[in-house]
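The numbering used here numbers the first residue of the sequence shown as 133 and each following residue consecutively.
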Amino acid sequence: MEKAIKILKSSFLVIVVFFVFSEIFMYCSVAEGVTPDEARQLRDEVREMFYHAFDGYMEHAFPLDELRPLTCTGEDSLGGYALTLIDSLDTLALLGDRERFAASVEWIGKNLRFDINKTVSVFETTIRILGGLLSAHLIANDYTTGMRIPSYENQLLHLSEDLARRLLPAFDTPTGIPFGSVNLLHGVDENESKITSTAGGGTLTLEFGVLSRLTNNPVFEQVTKNAVLGIWARRSKLNLVGAHINVFTGEWTQKDAGIGTSIDSFYEYLLKAYLLFGDKEYLYIFQEAYKAAMHYLYNDPWYVEVNMNSAAIVWPLFNSLQAFWPGLQVLAGDIGPAVRTHTAFFSVWKKFGFTPEGFNLATLSVQHGQKSYPLRPELMESTYWLYKATRDPRYLDAGRDMVSSLQYGARCPCGYCHISDVESHKQEDHMESFFLAETVKYLWLLFDLAAGSDNLVENGPYKYIFSTEGHLLPATPEISLVHEHCSYFGAFCKNDSMRKRPHLSDVPFGSQETNGTEFQRVQDPTGFISDPISHESGLIKGFCQGLTYEQKLGISFLAATGKTQTEEPRDQQEQSLAVSDLEHSPSKAKRGDGNVPEHIPSDDNRDDGSVYESSPSNSKS
Ligand code: DMJ
133 MEKAIKILKS SFLVIVVFFV FSEIFMYCSV AEGVTPDEAR QLRDEVREMF YHAFDGYMEH
193 AFPLDELRPL TCTGEDSLGG YALTLIDSLD TLALLGDRER FAASVEWIGK NLRFDINKTV
253 SVFETTIRIL GGLLSAHLIA NDYTTGMRIP SYENQLLHLS EDLARRLLPA FDTPTGIPFG
313 SVNLLHGVDE NESKITSTAG GGTLTLEFGV LSRLTNNPVF EQVTKNAVLG IWARRSKLNL
373 VGAHINVFTG EWTQKDAGIG TSIDSFYEYL LKAYLLFGDK EYLYIFQEAY KAAMHYLYND
433 PWYVEVNMNS AAIVWPLFNS LQAFWPGLQV LAGDIGPAVR THTAFFSVWK KFGFTPEGFN
493 LATLSVQHGQ KSYPLRPELM ESTYWLYKAT RDPRYLDAGR DMVSSLQYGA RCPCGYCHIS
553 DVESHKQEDH MESFFLAETV KYLWLLFDLA AGSDNLVENG PYKYIFSTEG HLLPATPEIS
613 LVHEHCSYFG AFCKNDSMRK RPHLSDVPFG SQETNGTEFQ RVQDPTGFIS DPISHESGLI
673 KGFCQGLTYE QKLGISFLAA TGKTQTEEPR DQQEQSLAVS DLEHSPSKAK RGDGNVPEHI
733 PSDDNRDDGS VYESSPSNSK S
């Protein structure tokens, strides 16, 4: 029996290697470089894609949550609070659309209310609504973004605080891990499921943490950190986490460990919470969690799901949510494996024109019941980050292919349609709000970067951390340096006696350090930068311990983890083709004993983070 399993395993790997090799070969042989002119055209085409969908939503669906782009109607899919508009706000700002950004912020400030009798997903409401409101607030309130709205008076911040308070009852559990859903008026429903996904409980820290730091109320940050610690405390001896957990008993009800469905953004927020808040506890957890993921889940270049206790492979399946991982690896400074995995994942896109929700690596076919492509952004996200890190034109070619697929396959009368079957390209009458929050945003950023970027993210006043919904969360002093003391050279640090008035937005644009770009400064003879306004606002410029080197650059977090990169010099790795990597390392992953699949994905095992026993209502993603 053991012998049979071994044979099965090695033939699986050979098939996968062959598949990837042939796809990559095809891809390399047909790719033609995107010129800077073409990059500009593509960027403008993506902008037009955004407006086709956004205008379609505003005309036919607003103020309902989402657009039905085939029939040009709308639907309430999450909470009935203009979800798509809120999710689109910072994309409007990024595109420089001051008029629509201001009008939307104004409408939301006047009309949005959360005292409604709706039971909503804690996760989705946090990442889409809370994140959307907070990022728009931080843009609208700050003239250094170039999008400040003069009449704006913190309405979105007040709404955010009100919303977050209504989500707080969900955290009242023995483990600190929140219920999946909560009623905005009455708290947790009596019959609410006690089972929640790891991503659902562990992907709240950025939005709640930002809110705490903007309101000087630590409770939001505390409950969400507690939830992460609650999940991590229940990790297996291998430092793996499962997919679903009982928030009362702390028992894992679904023990498949992976980087995709139901777990994905748990990993993402560990690193990003460190990057944004400088809280090293998140970094230490990320390092342990990442090391275990690369040890047990990585089957170069793919990732498999394994039993969290035994590391036995549960199912060799690519699922489309995994595609964010190479982007996260870029942030972690682990470029080599990111390049290889992106190439493999993109080969699935090339094969079908879209990525199916599930692709079976053993049968090399679309997983039964997981044929759809609901306009997901993950592959675009990783493509953007890898282009940013390597400037390798192959990522522009990949982006161009994705634009073509969307234009030819998904564009429909009033927006962009889900693809219900990647083999037949049959369209479905739905458009998720993340299409405008993320999918289009990452494509636009990719081509804008190639065209010689001129946007908030690349040239703006702060380093931005992207939330899992693609919302821009700036590392302002108020958010990032809240516990820090003065000072690192050139940074703005808080003056403790003036903690209540910390807005960098009061500091002129021309005097700030930006994401890798230094704006013009006036230097006085002492070597300090003279900036009277920063003193007025309670910020002092000088030497701050504040942001560490890693935080500023977003790299090198793997030092203590046992690197997964080979010893090649960095730029050589970045340039190397994944084909050569595949040739010599197909069987790298280490495994525990036992190979019996515990759970076979099917129609009931979706990508969306919802649970098997009883799905939290309003669960999406
Ligand atoms: C989005 O809501 C977020 O990116 C989330 O982390 C995963 N699901 C969707 C996109 O696929």
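For each residue, glycine too, the CB sits at the ideal point set by N, CA and C. Computed from a predicted model, the values in this text were never measured in an experiment.
Look at residue 469 here: in three-state DSSP terms it is helix.
Going by C-alpha positions, residue 593 is about 44 Å away from residue 492. Shown here for residue 326: same chain residues with a beta carbon closer than 6 Å to its own, the five before and five after excluded, namely 378, 379 and 380 in chain order. If you look at residue 553, you'll find it in the beta strand (DSSP E) that goes 550-553.
DSSP, read as helix, strand or coil, puts residue 515 in helix. The three-state secondary structure of residue 243, taken from DSSP, is helix. Counting along the chain, the unbroken alpha helix (DSSP H) around residue 357 starts and ends at 351-364. Rounded to the nearest whole angstrom, the C-alpha separation of residue 552 and residue 285 is 43 Å.
Contact holds between the region 167-185 and the region 566-575, because three or more Cβ pairs, one in each stretch, are under 8 Å apart. Going by beta carbons, residue 483 and residue 533 fall outside the 9 Å limit.
Counting along the chain, residue 598 sits inside the beta strand (DSSP E) bounded by residues 596-598. Only exposed fits residue 540, as fewer than 16 other CB atoms lie within 10 angstroms of its CB. Every alpha helix (DSSP H) of 4 residues or more that sits fully in the region 476-552 is shown, in chain order, as 510-522 and 526-537. Across the structure, residue 328 and residue 227 are spaced so that their CA atoms are roughly 36 Å apart.
Your pair residue 391 and residue 457 checks out as a contact, with CB atoms roughly 5 Å apart and the cut at 8 Å. In this structure, residue 315 sits away from residue 237, with a CB-CB distance that is not shorter than 9 Å. Residue 365 counts as exposed, since fewer than 16 other C-beta atoms from the protein chains shown sit within 10 angstroms of its C-beta. It is roughly 7 Å from the alpha-carbon of residue 184 to the alpha-carbon of residue 546. Judged by DSSP secondary structure, residue 327 falls within the beta strand (DSSP E) whose first and last residues are 327-329. Straight-line spacing of the CA atoms in residue 570 and residue 322 works out to 35 Å. Distance from the Cα of residue 550 is smallest, within the candidate group 199, 168 and 166, for 199. When secondary structure is reduced to three states using DSSP, residue 380 falls in the coil class, being assigned neither helix nor strand.
Residue 213 sits in coil when the DSSP states are folded into three classes, being neither helix nor strand. In this structure residue 459 is buried. Its beta-carbon is surrounded by 16 or more other beta-carbon atoms within 10 angstroms. Counting only residues of its own chain and dropping the five nearest sequence neighbours on each side, residue 602 has a CB closer than 6 Å to the CB of 569, 570 and 573. Remark: C-beta atoms of residue 312 and residue 373 do not approach each other more closely than 9 Å. Counting other Cβ atoms within 10 Å of its Cβ, residue 330 reaches 16 or more and is therefore classed as buried.
In the DSSP assignment, residue 559 falls within the unbroken beta strand (DSSP E) covering 558-560. In this structure, DSSP gives residue 284 a state outside helix and strand, which the three-state scheme calls coil. Counting along the chain, residue 420 sits inside the alpha helix (DSSP H) bounded by residues 412-424. With a 10 Å radius around the Cβ and a threshold of 16 neighbouring Cβ atoms, residue 219 comes out buried. For residue 200, the enclosing beta strand (DSSP E) starts and ends at 198-200. When secondary structure is reduced to three states using DSSP, residue 450 falls in the strand class. Relative to the non-hydrogen atoms of the ligand DMJ, the Cβ of residue 397 comes within a distance shorter than 8 Å of at least one. Shown here, residue 253 sits in a strand according to DSSP, grouped into three states.
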